[in-house]
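Undergrad: Following this message is one structure expressed as structure tokens.
Protein chains: 2
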Amino acid sequence: MRKIILLLFIFHIFHLSAQEAIWWKTPTVSPEIYDNHMVTFRLVAPRAKEVLLVGDFLPPSYVVRDGITTQMTGTATLRKGADGVWTYTTLRPMEPGYYNYNFVVDGLTITDPSNIHMTRDVVKTSSIFFIEGGWSDYYKDQDVPHGTLSHVWYHCDKTERNRRLTVYTPAGYEDGLRYPVLYLLHGMGGDEDSWVTLGRAAQILDNLIAQGKAKPMIVVMTNSYMDLQAAPGHGPEGFIKPDLELSPSYDGVFEESFPSIIRYVDKAYHTIPRKQSRAIAGLSMGGFHAMQISRAYPDYFDYVGLFSAAVGHEAGDIQIYQNPMEKLRTQFSKKPALYWIAIGKEDFLYDANAEYVQLLETNRFRYEYFETDGGHTWYNWRFYLTEFLRRLF
Amino acid sequence: MRKIILLLFIFHIFHLSAQEAIWWKTPTVSPEIYDNHMVTFRLVAPRAKEVLLVGDFLPPSYVVRDGITTQMTGTATLRKGADGVWTYTTLRPMEPGYYNYNFVVDGLTITDPSNIHMTRDVVKTSSIFFIEGGWSDYYKDQDVPHGTLSHVWYHCDKTERNRRLTVYTPAGYEDGLRYPVLYLLHGMGGDEDSWVTLGRAAQILDNLIAQGKAKPMIVVMTNSYMDLQAAPGHGPEGFIKPDLELSPSYDGVFEESFPSIIRYVDKAYHTIPRKQSRAIAGLSMGGFHAMQISRAYPDYFDYVGLFSAAVGHEAGDIQIYQNPMEKLRTQFSKKPALYWIAIGKEDFLYDANAEYVQLLETNRFRYEYFETDGGHTWYNWRFYLTEFLRRLF
Numbered sequence: 000m001r002k003i004i005l006l007l008f009i010f011h012i013f014h015l016s017a018q019e020a021i022w023w024k025t026p027t028v029s030p031e032i033y034d035n036h037m038v039t040f041r042l043v044a045p046r047a048k049e050v051l052l053v054g055d056f057l058p059p060s061y062v063v064r065d066g067i068t069t070q071m072t073g074t075a076t077l078r079k080g081a082d083g084v085w086t087y088t089t090l091r092p093m094e095p096g097y098y099n100y101n102f103v104v105d106g107l108t109i110t111d112p113s114n115i116h117m118t119r120d121v122v123k124t125s126s127i128f129f130i131e132g133g134w135s136d137y138y139k140d141q142d143v144p145h146g147t148l149s150h151v152w153y154h155c156d157k158t159e160r161n162r163r164l165t166v167y168t169p170a171g172y173e174d175g176l177r178y179p180v181l182y183l184l185h186g187m188g189g190d191e192d193s194w195v196t197l198g199r200a201a202q203i204l205d206n207l208i209a210q211g212k213a214k215p216m217i218v219v220m221t222n223s224y225m226d227l228q229a230a231p232g233h234g235p236e237g238f239i240k241p242d243l244e245l246s247p248s249y250d251g252v253f254e255e256s257f258p259s260i261i262r263y264v265d266k267a268y269h270t271i272p273r274k275q276s277r278a279i280a281g282l283s284m285g286g287f288h289a290m291q292i293s294r295a296y297p298d299y300f301d302y303v304g305l306f307s308a309a310v311g312h313e314a315g316d317i318q319i320y321q322n323p324m325e326k327l328r329t330q331f332s333k334k335p336a337l338y339w340i341a342i343g344k345e346d347f348l349y350d351a352n353a354e355y356v357q358l359l360e361t362n363r364f365r366y367e368y369f370e371t372d373g374g375h376t377w378y379n380w381r382f383y384l385t386e387f388l389r390r391l392f
Numbered sequence: 000m001r002k003i004i005l006l007l008f009i010f011h012i013f014h015l016s017a018q019e020a021i022w023w024k025t026p027t028v029s030p031e032i033y034d035n036h037m038v039t040f041r042l043v044a045p046r047a048k049e050v051l052l053v054g055d056f057l058p059p060s061y062v063v064r065d066g067i068t069t070q071m072t073g074t075a076t077l078r079k080g081a082d083g084v085w086t087y088t089t090l091r092p093m094e095p096g097y098y099n100y101n102f103v104v105d106g107l108t109i110t111d112p113s114n115i116h117m118t119r120d121v122v123k124t125s126s127i128f129f130i131e132g133g134w135s136d137y138y139k140d141q142d143v144p145h146g147t148l149s150h151v152w153y154h155c156d157k158t159e160r161n162r163r164l165t166v167y168t169p170a171g172y173e174d175g176l177r178y179p180v181l182y183l184l185h186g187m188g189g190d191e192d193s194w195v196t197l198g199r200a201a202q203i204l205d206n207l208i209a210q211g212k213a214k215p216m217i218v219v220m221t222n223s224y225m226d227l228q229a230a231p232g233h234g235p236e237g238f239i240k241p242d243l244e245l246s247p248s249y250d251g252v253f254e255e256s257f258p259s260i261i262r263y264v265d266k267a268y269h270t271i272p273r274k275q276s277r278a279i280a281g282l283s284m285g286g287f288h289a290m291q292i293s294r295a296y297p298d299y300f301d302y303v304g305l306f307s308a309a310v311g312h313e314a315g316d317i318q319i320y321q322n323p324m325e326k327l328r329t330q331f332s333k334k335p336a337l338y339w340i341a342i343g344k345e346d347f348l349y350d351a352n353a354e355y356v357q358l359l360e361t362n363r364f365r366y367e368y369f370e371t372d373g374g375h376t377w378y379n380w381r382f383y384l385t386e387f388l389r390r391l392f
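These protein sequence lines are chains F and P, in that order.
Numbering that gives the first Met the number 0 applies: residue 0 is where the first sequence begins, and numbers increase by one.
Numbering that gives the first Met the number 0 applies: residue 0 is where the second sequence begins, and numbers increase by one.
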């Protein structure tokens, strides 16, 4: 007994010969969230000259360049203590929310080494934390029945390759009932994991279903970059970096391939394989895809959600994008149960969405319009998903 | 068309008003892996005074303290260019492998901001990269049929709580055949995700099964910290940090709860629910668990794998650990198909394993012993898993 304790003790203190070098402890607590929702951030960096905090929760600054006013993410300055620990405490209690931040150490942007929780948006990785209460409780892992989150592979007939999907099946799915399906699409630079990691879709579904505010459903998250088989680091492409120019997804191939995804899902899962039990939604570029796919296949989806959608993106001579008005007329003649457009007042796609709404209005196509504050942000997309799910099936 | 292109262009260049601040590109390439397997690491840090590279692939250094020689993870010094970019190029081509590294910037350890691929081991997050060829090809995402990786929740009768499992089902599982099951256990500070993220278990299984070197099987990865419901950040405990002292798992509760995991798996999955089609293996503390569980329930498992196992950990007065020799005699009287012990020559648990092997030897219990170079590392555990899987079912 004594020998083992000694060995474990040594293992804690030293990196023993050829053992894995693990930091068993990071004594620094950061972020420290107090009961009153004030937050202290800490970084041990005795040799640094300047440490800034960059976060989506800090008051923004503005830069004017070439006549364009740009809102920069807010920053705060950490103060160095005699012990070499830099600290910053928020000026007031924080609103409930799901926040991200980085430190900037002498100009170098890093995540918080004391916080193991982080999330990646395209090529930027940030540290994350939660302030409980309000809307953020929908995004939290609550102690409710949980659905299953699976990474599955389907065969894409269009590209003749195996491709990866992320699939949510609701708690109790194993009991064999059949469920409606929502297809949920990412934006530029995203992938089949984005709605789960940044969008917190699994938690939102668990919580809404547990509260009886959404119907139990299957949610299928796709990858619209058809040059890839999977999210970076999960496919045979290897440890690639997302590159928006590498594989634009405004060429119609994803839309044309969509029926093979639906065929796979209806075969592999206990779905209700009919229009009334199928929804499609997407954010930004994914909103464009949802618009195109629901229009090209008017008998597939009874529910359509366009979140900050790139609706104005033009078609060029891509075949599946042709004759939009004719297709729209056909789609709306079949009376979709819900055609839902959500946009933030400060979104750079606000005008394009206003134009699209005007077009629907002029043609007396029935839609619902949901306008919020804010812009082209995951803060809004999580909120839109929460609202959209309550309206389904 | 022009308008949209302009908008997208602006979106790329600036962070527009209230848009999500995303780095669409990181122009720096790091690590850059050349065809000849030399590697260059780069960090943009014009204001830094010193940048080190720390990696498991660099020649180690040695520190003697209180008479104990400690091998420190190898470091290399990056050189600063006139452009403020620090670089280091390996002295020679690297061996095939799956490697991790960090930068140390003026004493502050960070991940590589130009590399989106990283992995967490307990509280340490490192950047990762691959050198193709050799063994590392087993750990790569190859273009082969892929199994499904699911995060599922079972009800633990022992703790009366929902708890999270990671489950691999082989390609073709949907066709309804029944499969044998391997239960795979993590070590101290790990969780139900460790074998997937650090152990690359899904890739190893996909590749071995595709090559006909392992039988298609279900693999169930558990969480032995019974105070928790899930890995940090995936349960109602919130964004906690792993803490080895918070919830030691040498108290027998995990072992006693194991039958409820097996009951859940045999109910929820198409298993072959019999001893001949069940295996259990674990690393370090998980090896101790695999030893205890297979011994306490001698009719459950025909295959047992102890990888760098903490076999010498003492039992105290925990009930399920009592009468080890009597239990071992019962277990071996039932002639397990494989009792496999793997250990590295430099592992700090080498002596404890040698003692355990001696005990098995003395009692003429039939086992297989697999000795390798190296120590208590994921490098070895990935290798042991690869070897163990080939011997199953």
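For glycine and all other residues, C-beta sits at the position ideal for the given N, C-alpha and C.
A quick note: this is a predicted structure, and the numbers were derived from the prediction, not measured.
Starting from the C-beta of P:Leu-388, find all residues in its chain whose C-beta is less than 6 angstroms away, skip the five residues before and the five after it, and write them out in chain order.
TA: Excluding positions up to five away in sequence, the list reads Leu-207 and Ala-213.
Undergrad: Between F:Thr-397 and chain P, is the shortest Cβ-Cβ distance under 8 angstroms, so that the two count as touching?
TA: Because chain F in this structure spans residues 0 to 392, residue 397 of chain F falls outside the shown range and cannot be described.
Undergrad: Can you pull the chain P neighbours of F:Glu-173, defined as C-beta to C-beta under 7 angstroms?
TA: In chain order: Ala-267.
Undergrad: My guess is that F:Ala-230 and F:Arg-163 are in contact by the Cβ rule of under 8 angstroms, so how many angstroms apart are they, rounded?
TA: About 7 angstroms; that satisfies the 8 angstroms criterion.
Undergrad: Less than 8 angstroms between the C-beta atoms of F:Ala-309 and F:Ser-283, yes or no?
TA: Yes, these two residues count as a Cβ contact at 8 angstroms.
Undergrad: Answer yes or no: does any C-beta atom of chain P fall closer than 8 angstroms to that of F:Thr-385?
TA: Answer no: the Cβ-Cβ gap between F:Thr-385 and chain P never drops below 8 angstroms.
Undergrad: Within 10 Å of its beta-carbon, does F:Asn-379 have 16 or more other beta-carbons around it, so buried, or fewer, so exposed?
TA: So F:Asn-379 ends up on the buried side.
Undergrad: Which residues of chain P have a Cβ atom closer than 7 angstroms to the Cβ of F:Trp-152, listed in chain order?
TA: Here the neighbours are His-145.
Undergrad: For F:Ala-308 and chain P, any beta-carbon pair shorter than 8 angstroms?
TA: Judged by the 8 angstroms Cβ criterion, F:Ala-308 is not in contact with chain P.
Undergrad: Considering only residues of the same chain and omitting the five flanking positions on each side of P:Thr-76, which have a CB-CB separation below 8 angstroms?
TA: Here the set comprises Glu-49, Val-50, Leu-51, Leu-52 and Tyr-87.
Undergrad: Just checking my contact of P:Phe-128 with F:Phe-238 at CB under 8 angstroms: how many whole Å lie between their CB atoms?
TA: Rounded, the Cβ-Cβ distance is 6 angstroms, consistent with contact.
Undergrad: What separation, rounded to the nearest whole angstrom, lies between the Cα atoms of P:Glu-386 and P:Gly-198?
TA: Roughly 13 angstroms between the two C-alpha positions.
Undergrad: Terminal residues of the continuous beta strand (DSSP E) containing P:Val-43?
TA: Counting along the chain, the beta strand (DSSP E) containing P:Val-43 begins and ends at 38-43.
Undergrad: When the Cβ atoms of the region 147-167 of chain F are set against those of the region 117-124 of chain F, are three or more pairs found closer than 8 angstroms?
TA: Touching, no, given that fewer than three Cβ pairs across the two stretches are closer than 8 angstroms.
Undergrad: What residue does the alpha helix (DSSP H) around F:Val-166 start on, and which one ends it?
TA: Careful: F:Val-166 lies outside any alpha helix (DSSP H), inside the beta strand (DSSP E) at 160-168.
Undergrad: Could you tell me if P:Val-62 is buried or exposed, where buried requires 16 or more neighbouring beta carbons within 10 angstroms of its beta carbon?
TA: P:Val-62 should be labelled exposed.
Undergrad: For a contact defined as C-beta to C-beta under 8 angstroms, what are the partners of P:Ala-47 on chain F?
TA: Here the neighbours are Asp-105 and Leu-107.
Undergrad: Helix, strand or coil: how does DSSP classify P:Ala-75 here?
TA: Reduced to three states, the DSSP call for P:Ala-75 is strand.
Undergrad: According to DSSP, simplified to helix, strand and coil, what is P:Asp-142?
TA: P:Asp-142: coil per DSSP, three-state reduction.
Undergrad: Could you tell me the distance, in whole angstroms, from the CA atom of F:Ile-33 to the CA atom of P:Pro-95?
TA: Per the sequence shown, residue 33 of chain F should be read as Tyr rather than Ile. F:Tyr-33 and P:Pro-95: Cα-Cα distance of roughly 47 angstroms.
Undergrad: Would you check if the distance between the CB atom of P:Val-339 and the CB atom of P:Gly-285 is smaller than 8 angstroms?
TA: According to the sequence shown, residue 339 of chain P is Trp rather than Val. It is not a contact, given that the beta carbons lie outside the stated cut-off.
Undergrad: Given P:Leu-42, which residues of its chain have a CB within under 6 angstroms of its CB, disregarding the five upstream and five downstream residues?
TA: Around P:Leu-42: Val-50, Trp-85 and Phe-102.
Undergrad: Say whether the region 137-147 of chain P touches the region 257-265 of chain P, bearing in mind that this needs 3 or more beta-carbon pairs closer than 8 angstroms, one atom from each stretch.
TA: No contact exists between the region 137-147 of chain P and the region 257-265 of chain P.
Undergrad: Between the C-alpha atoms of P:Thr-329 and P:Leu-358, what's the straight-line distance to the nearest angstrom?
TA: Computed Cα separation, rounded: 15 angstroms.
Undergrad: So what does P:Phe-306 bridge to, in DSSP terms?
TA: In the DSSP output, where bridge partners are listed per residue, P:Phe-306 has P:Leu-282 and P:Ala-341.
Undergrad: DSSP state of F:Asp-120, grouped into three classes?
TA: Looking at F:Asp-120 - three-state DSSP - the assignment turns out to be strand.
Undergrad: For F:Leu-403, which residues in the same chain have their Cβ closer than 6 angstroms to its Cβ, ignoring the five residues on either side in sequence?
TA: With chain F represented from 0 up to 392, any question about residue 403 of chain F goes unanswered, as that position is not in the structure.
Undergrad: Nearest chain P C-beta to F:Leu-148 closer than 8 angstroms, yes or no?
TA: At least one chain P Cβ lies under 8 angstroms of F:Leu-148.
Undergrad: Who does P:His-150 pair with in a DSSP beta bridge?
TA: Note: P:His-150 sits in a beta bridge opposite F:Leu-148 and P:Thr-165.
Undergrad: What are the complete alpha helix (DSSP H) segments, minimum 4 residues, inside the region 349-392 of chain F?
TA: Correct list: 349-361 and 377-389.
Undergrad: Between P:Asp-192 and the rest of its own chain, which residues show a CB-CB distance below 7 angstroms, the 5 nearest in sequence each way excluded?
TA: Here the set comprises Thr-165 and Ala-230.
Undergrad: Considering Cα atoms alone, identify which of F:Arg-273, F:Ile-67 and F:Met-93 is closest to F:Glu-31.
TA: Nearest of F:Arg-273, F:Ile-67 and F:Met-93 to F:Glu-31, Cα basis: F:Met-93.
Undergrad: Let me confirm a value: F:Met-324 is counted as buried when at least 16 other C-beta atoms fall within 10 Å, else exposed. Which label applies?
TA: With fewer than 16 other Cβ atoms within 10 Å, it is exposed.
Undergrad: Go ahead and pull the three-state DSSP assignment for F:Thr-398.
TA: Residue 398 of chain F cannot be examined here, being either before or after the span of chain F that is shown, 0 to 392.
Undergrad: Please list the partners that F:Gln-141 has in chain P, where partner means a Cβ-to-Cβ separation under 8 angstroms.
TA: What F:Gln-141 touches in chain P: Pro-235.
Undergrad: In the DSSP assignment, find the alpha helix (DSSP H) that holds F:Trp-194 and state where it starts and stops.
TA: 193-196 is the extent of the alpha helix (DSSP H) around F:Trp-194.
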